[in-house]
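In this text, residue positions in the sequence shown follow the UniProt record's numbering: the first is 1, and each later residue adds one.
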Amino acid sequence: MPLGKYYCDYCDKQFQDTPFARKRHLQGLQHLRAKALWYDSFKDPNQAYTDGFGKGVCNRFVNTVINLSPFFTL
Numbered sequence: 001m002p003l004g005k006y007y008c009d010y011c012d013k014q015f016q017d018t019p020f021a022r023k024r025h026l027q028g029l030q031h032l033r034a035k036a037l038w039y040d041s042f043k044d045p046n047q048a049y050t051d052g053f054g055k056g057v058c059n060r061f062v063n064t065v066i067n068l069s070p071f072f073t074l
């Protein structure tokens with residue numbers, strides 16, 4: 001039985017439609033970048049850079065730096 005083709009709108013590519021091939025494509029870096037660019041095209045240009053500001057400092061980063069500080073002299 002011949003397998004169908006899967007067409008990805010974000011990447012403008014088509015490939016054999018198997019669960020493994022689809023999962024590999026959807027997790028691929030090229031697909032993720034193309035998908036992010038597509039969604040970013042709908043954002044307001046004035047709001048594009050304010051989304052990441054004001055979130056604070058990552059606690060995991062702070063704790064890692066504090067825990068590693070005896071080993072590293074800054």
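Even for Gly, the Cβ is constructed at its ideal location relative to N, Cα and C.
Fully enclosed beta strand (DSSP E) runs of no fewer than 3 residues occupy 5-8, 13-16 of the UniProt domain "U1-type" (3-38), in order along the chain.
The C-alpha of residue 9 lies about 14 Å from the C-alpha of residue 28. One alpha carbon belongs to residue 3, the other to residue 16, and they sit about 7 Å apart. In terms of Cβ geometry, residue 24 and residue 6 do not form a close pair [threshold 7 Å].
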